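Participant: Protein chains in written order, with the UniProt record's numbering: chain A, 1 to 341; chain B, 1 to 341. Beta carbons are placed, not taken as given, at the ideal position from N, Cα and C, and that holds for glycine. Keep in mind the model is a prediction, meaning the values are calculated, not measured. What follows is a single structure, and I will ask about it in a moment.
Protein chains: 2
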Amino acid sequence: MKKPTIKDVAKVAGVSAAAVSYALNGRTDKVSNETIERIKGIIETLNYKPDFSARSLVKNQSKLIGIVIPQTESHKQLILENPFYSEMISGIEGKLREYGYHLLLSGVNQGESYLDLSIQRNLDGAIMMGIYPEQFYDGFKKINIPIVLIDSYINDNYFKRIGIDDEYGGYLATKYLIDKGHSNIGLVTGAIRKDGVVEKRFLGYKRAIREANFFYNPDYVFEESMSYEHGMAAGQLIAKKFPEITAVFATGDMVAFGAIRSLVDQGKKVPEDISVIGFDDITMSKMFIPPLTTIRQNITEKGAIAAEHLINMIQGGVEQEANEIMLPLTIVERATVKVKE
Amino acid sequence: MKKPTIKDVAKVAGVSAAAVSYALNGRTDKVSNETIERIKGIIETLNYKPDFSARSLVKNQSKLIGIVIPQTESHKQLILENPFYSEMISGIEGKLREYGYHLLLSGVNQGESYLDLSIQRNLDGAIMMGIYPEQFYDGFKKINIPIVLIDSYINDNYFKRIGIDDEYGGYLATKYLIDKGHSNIGLVTGAIRKDGVVEKRFLGYKRAIREANFFYNPDYVFEESMSYEHGMAAGQLIAKKFPEITAVFATGDMVAFGAIRSLVDQGKKVPEDISVIGFDDITMSKMFIPPLTTIRQNITEKGAIAAEHLINMIQGGVEQEANEIMLPLTIVERATVKVKE
DNA sequence: TTGTACGCGTTATCAC
DNA sequence: GTGATAACGCGTACAA
């Protein structure tokens, strides 16, 4: 059983293919209402659905949206095991679908480029999470594909940016620890890179420290990667070499989990001996034992909003809105931070 | 700057579009080697990439693979926040890309069907995780789209199945607890449905119980949904109403997390007071505190293998292999099970 | 090697 | 106002 084409419908209806097309698109100015009804009935009966490829060719729009997320170094896999990304994708996909778009989820092979993929698949737009080398962005500008950037501080009006105030978040987390009486506060974090969110969170950390007139000690900054493993390594270091540290701000929840884990393994109690605050509030954070105190952002909604704005750009709506959108941030107090005695 | 088409290349090369097409596809029998070289050079220079939509139309293959995963009840979102699915997708996507396929990630709106989507997008194949109403599968058979089923016991040779021996896994987990001296063993689980994995794990549980000549007590089976929340609810019940239960087999790691959490909240110690074993070994399980003892399957690899077999079906390789593939299972001992004193 | 028809749907043009 | 005809978008594959 092969799928019906527009011609099949036309034949059955005794009209031209063009008429069917008009009926499909509701062009009442081209076909009378009653024939539209009749054609629609036949479309139902045959269960005819227009082919996206054909449409993509003629209308030059694929109804396909790409999504770019970081990959493992080998370039082999998307890092979806990081719940932060998968929760976001969940939000993106739902919203796209609501508007009749579909999501193409693909990484990039060694030596190939996402830009080529976008061109070949005729992507109507793309959402990028994280930051990439500058030239990466340029290509999209040249061929004029609408792009929404999530969690990036790339300053270019071509792109729409969705994010949070990471500096403030970093400040909030650190200030919270300070208010609880801590003064020697470690920072466990992924790579601090220009235009990235981590840099801003780091800046917020420093601001809070300075504002409290504490000494900013670079030795207390444990920077490497946004991973559980790095959290573990840093936690171990802290337990062994920096017993004066009584609180830790981890710039991502996964990192916080790792830190807590190795701290506990080293015989430290969280939060009794050492407090830990995370960032993001991934789903897992409330399930963790002890439940993680963290800076919360609504990840799924962030994705949905990014999708919504991308569609707006594509459909060229009014969209003279700001091209940077900041989502709110809250602190959620759970069980990993305690007042210093 | 608009993208070059095959005609642009042809014009520059001073040949016909057909020649370019042949050059692209390496048809040395149709075009001389030297012109192929020359054309390829020009393709490089212009950075020409063939359009997937056009190809899809004429070759009737989209190089697009669909993936079906369960959705929230509102039909609004994919449940990607369940790491089990996202890890699997990671494995699937990587393998597909290796073979030149891309992944279309989409849920289904209320009142629409995945089958229609598959037809409209001309999907070359699809991977389905979990189980669905029977009619769901029939459509794909009719239009002859290759399908790989992950974690399903649907018995139909049209489909290729990738899974594990869930009955054995359930047996293994339960037997492990029994060997540790436990006899009152609770089962906390998602819905037990025909042809689903949970049913088999449940059967394995019963087999181990009976084999040990223990009494199978239906009251010890806490069945609802494969969620953290249900784990919590069940853990609470156990702590309050079934103090004689000294060990729990949770048929999914997320459920185990929930159970442990509420057990701990009720003042029980894991594993001192009560042991818990999970199933799947999602990434999070080794990060959990205490690290979860669980039945391990290689989730990412499972996805990769499913992708590989799907491609095999599509490309019609030799593939007279078995059409059911069972991946190995191991038990990983961490810190949530203890010998009963 | 090349011209050309084709796959499917859209839209501008033309006829009644 | 209703409708049909035909050209087009891009790449492929057959006949010439």
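Mind checking whether A191(B) and V198(B) have CB atoms under 8 Å apart?
Facilitator: Numbered from 1 along the second sequence, position 191 holds the residue referred to as residue 191(B). Numbered from 1 along the second sequence, position 198 holds the residue referred to as residue 198(B). Cβ distance < 8 Å, so A191(B) and V198(B) count as in contact.
Participant: Please check if any C-beta of chain B sits within less than 8 Å of the C-beta of H102(A).
Facilitator: Taking the first residue of the first sequence as 1, we reach residue 102(A) at position 102. Output row for H102(A): interface = yes.
Participant: Whose Cβ in chain A lies nearer than 8 Å to the Cβ of T283(B)?
Facilitator: Start at 1 with the first residue of the second sequence, and residue 283(B) comes out as number 283. Simply E81.
Participant: Check whether the Cβ atoms of L292(A) and A247(A) sit closer than 8 Å, and answer yes or no.
Facilitator: For this step, residue 292(A) is matched to residue 292 along the first sequence. For this step, residue 247(A) is matched to residue 247 along the first sequence. In this structure, A247(A) does not lie closer than 8 Å to L292(A) by Cβ.
Participant: Does any residue of chain B bring its CB to less than 8 Å from the CB of A54(A)?
Facilitator: Here residue 54(A) refers to the residue found at position 54 when the first sequence is read from its first residue. Chain B, which has a Cβ nearer than 8 Å to the Cβ of A54(A), makes this yes.
Participant: Check whether the Cβ of Q297(B) lies closer than 8 Å to any Cβ atom in chain A.
Facilitator: Within the second sequence, residue 297(B) is the residue found at index 297, counting from 1. No - not a single Cβ of chain A is within 8 Å of the one on Q297(B).
Participant: Output the distance between the C-alpha atoms of Y153(B) and R97(B), rounded to the nearest integer angstrom.
Facilitator: Mapped onto the second sequence, residue 153(B) falls at position 153. Mapped onto the second sequence, residue 97(B) falls at position 97. Y153(B) and R97(B): Cα-Cα distance of roughly 28 Å.
Participant: Would L123(A) pass as a contact of L103(B) if the rule is Cβ separation under 8 Å?
Facilitator: Residue mapping note: residue 123(A) aligns to position 123 of the first sequence, counting from 1. Residue mapping note: residue 103(B) aligns to position 103 of the second sequence, counting from 1. For L123(A) and L103(B), no; Cβs fall outside 8 Å.
Participant: Listed in chain order, which residues of the UniProt domain "HTH lacI-type" (4-59) of chain B have Cβ atoms closer than 9 Å to some Cβ of chain A?
Facilitator: Listed by position, the residues of the UniProt domain "HTH lacI-type" (4-59) of chain B near chain A (Cβ gap below 9 Å) are N47, K49, P50, D51, F52, S53, A54, R55, S56 and L57.
Participant: List, in chain order, every chain B residue whose beta-carbon is nearer than 8 Å to that of V264(A).
Facilitator: Looking up residue 264(A) in the first sequence gives position 264. By Cβ distance, chain B contributes I289.
Participant: Going by beta carbon distance, what residues of the same chain come within less than 7 Å of N169(B), once the five residues before and after it are set aside?
Facilitator: Position 169 of the second sequence, counted from the start, is the residue given in the question as residue 169(B). Here the sequence assigns Gly to residue 169(B), which means Asn is not the residue at that position. Cβ within range, chain order: R201, G204, F279, I295 and L329.
Participant: Between the C-alpha atoms of L57(A) and N47(A), what's the straight-line distance to the nearest angstrom?
Facilitator: In the first sequence, counting from the first residue as 1, residue 57(A) sits at position 57. In the first sequence, counting from the first residue as 1, residue 47(A) sits at position 47. Approximately 22 Å between the Cα atoms of the pair.
Participant: Count the other CB atoms, across all protein chains shown, that sit within 10 Å of the CB of A18(B); report buried if there are 16 or more and exposed otherwise.
Facilitator: The sequence position of residue 18(B) within the second sequence is 18, counting from 1. A18(B) should be labelled exposed.
Participant: Which of helix, strand or coil does DSSP assign to Q71(A)?
Facilitator: Here residue 71(A) corresponds to residue number 71 of the first sequence, with the count starting at 1. Strand at Q71(A).
Participant: Measure the CB-CB distance between I92(B) and H309(B) and report whether it falls below 8 Å.
Facilitator: Start at 1 with the first residue of the second sequence, and residue 92(B) comes out as number 92. Start at 1 with the first residue of the second sequence, and residue 309(B) comes out as number 309. No, they are not a contact pair.
Participant: Run through the DSSP bridge pairs and tell me what L123(B) is partnered with.
Facilitator: By 1-based counting over the second sequence, the position of residue 123(B) is 123. According to DSSP, L123(B) bridges with nothing at all.
Participant: When the distance is taken between beta carbons, is F257(A) closer than 8 Å to Y228(A)?
Facilitator: Position 228 of the first sequence, counting from 1, holds the residue named residue 228(A). Position 257 of the first sequence, counting from 1, holds the residue named residue 257(A). Taking 8 Å as the Cβ cut-off, Y228(A) and F257(A) qualify as a contacting pair.
Participant: Using CA coordinates, which residue listed in K11(B), G107(B) and S62(B) is at the minimum distance from Y101(B)?
Facilitator: As a first step, residue 101(B) must be located in the second sequence, where it is residue number 101. Residue S62(B) is the option with its Cα nearest to Y101(B).
Participant: Return the Cβ separation of S90(A) and L80(B) in integer angstroms, given the expectation that the two are a contact with Cβ distance under 8 Å.
Facilitator: As a working note, residue 90(A) is residue 90 in the first sequence. As a working note, residue 80(B) is residue 80 in the second sequence. Right, their Cβ atoms sit about 4 Å apart.
Participant: Name, please, each residue of chain B whose Cβ falls closer than 9 Å to the Cβ of F257(A).
Facilitator: As a first step, residue 257(A) is located in the first sequence; it is residue number 257 there, counting from the start. M284, M287, F288 and I289, listed in chain order.
Participant: What does the alpha-carbon distance come out to for the pair V68(A) and Q297(A)?
Facilitator: As a first step, residue 68(A) must be located in the first sequence, where it is residue number 68. As a first step, residue 297(A) must be located in the first sequence, where it is residue number 297. Between V68(A) and Q297(A), the C-alpha separation is close to 20 Å.
Participant: Apart from the five residues just before and just after Y158(A), which ones in its own chain have a Cβ nearer than 6 Å to its Cβ?
Facilitator: Taking the first residue of the first sequence as position 1, residue 158(A) is located at position 158. The residues are K141.
Participant: What's the C-alpha gap between S53(B) and G139(A)?
Facilitator: Here residue 53(B) corresponds to residue number 53 of the second sequence, with the count starting at 1. Here residue 139(A) corresponds to residue number 139 of the first sequence, with the count starting at 1. About 21 Å.
Participant: Taking C-beta pairs closer than 7 Å, name the residues in chain A that I119(B) reaches, listed in chain order.
Facilitator: For the purposes of this step, residue 119(B) is taken as residue 119 along the second sequence, with counting starting at 1. In chain order: K3 and K49.
Participant: Can M88(A) and G303(A) be called in contact, C-beta distance under 8 Å?
Facilitator: Your numbering for residue 88(A) matches position 88 in the first sequence. Your numbering for residue 303(A) matches position 303 in the first sequence. A contact, by the Cβ cut-off of 8 Å.
Participant: Please return the same chain residues whose Cβ sits closer than 8 Å to the Cβ of M232(B), not counting the five positions on each side in sequence.
Facilitator: One-based indexing of the second sequence puts residue 232(B) at position 232. Closer than 8 Å at Cβ, skipping near neighbours: G258, A259, R261 and S262.
Participant: So what's L329(B) in DSSP terms, helix, strand or just coil?
Facilitator: In the second sequence, counting from the first residue as 1, residue 329(B) sits at position 329. If DSSP states are grouped into helix, strand and coil, L329(B) belongs with coil.
Participant: For a test of the three-state rule: what should DSSP assign to D280(A), helix, strand or coil?
Facilitator: Taking the first sequence and counting its residues from 1, the one referred to as residue 280(A) is at position 280. The answer is strand: DSSP assigns D280(A) an E or B state.
Participant: Once the 5 residues before and after Q266(A) are set aside, which same chain residues still bring their CB inside 8 Å of it?
Facilitator: Counting from 1 along the first sequence, the entry for residue 266(A) is found at position 266. These residues qualify, in order along the chain: G235, Q236, A239 and K240.
Participant: Would you tell me roughly how many angstroms separate the C-alpha atoms of T336(B) and D156(A), rounded to the nearest one?
Facilitator: Within the second sequence, the letter at position 336 stands for residue 336(B). Within the first sequence, the letter at position 156 stands for residue 156(A). So the alpha carbons of these two residues sit roughly 51 Å apart.
Participant: Could you name the residues of the same chain whose beta carbon sits closer than 6 Å to that of F222(B), not counting the 5 residues immediately before and after it, in chain order?
Facilitator: Translated into positions along the second sequence, residue 222(B) becomes position 222. Cβ within range, chain order: V188 and A234.
Participant: Tell me the rounded alpha-carbon separation between S32(B) and E112(A).
Facilitator: As a working mapping, residue 32(B) is identified with position 32 in the second sequence. As a working mapping, residue 112(A) is identified with position 112 in the first sequence. Each residue's Cα considered, the two are about 28 Å apart.
Participant: Write down the C-beta distance between P83(A) and I282(A) rounded to the nearest angstrom, noting that I regard them as a contact closer than 8 Å.
Facilitator: For this step, residue 83(A) is matched to residue 83 along the first sequence. For this step, residue 282(A) is matched to residue 282 along the first sequence. The pair is a contact, with the Cβ atoms about 5 Å apart (cut-off 8 Å).
Participant: Run through chain A and tell me which residues come within less than 7 Å of L105(B), C-beta to C-beta.
Facilitator: Stepping through the second sequence from its first residue, residue 105(B) is reached at position 105. The answer, in chain order, is E93, L103 and L105.
Participant: Have a look at I145(A) and K3(B) and give me their C-alpha separation to the nearest angstrom.
Facilitator: The count along the first sequence starts at 1 and reaches residue 145(A) at position 145. The count along the second sequence starts at 1 and reaches residue 3(B) at position 3. Rounded to whole angstroms, I145(A) to K3(B) spans 12 Å at the Cα level.
Participant: How big is the Cα-Cα spacing for G94(A) and Q315(A)?
Facilitator: Against the first sequence, residue 94(A) aligns to sequence position 94. Against the first sequence, residue 315(A) aligns to sequence position 315. Cα to Cα, the separation comes out at about 18 Å.
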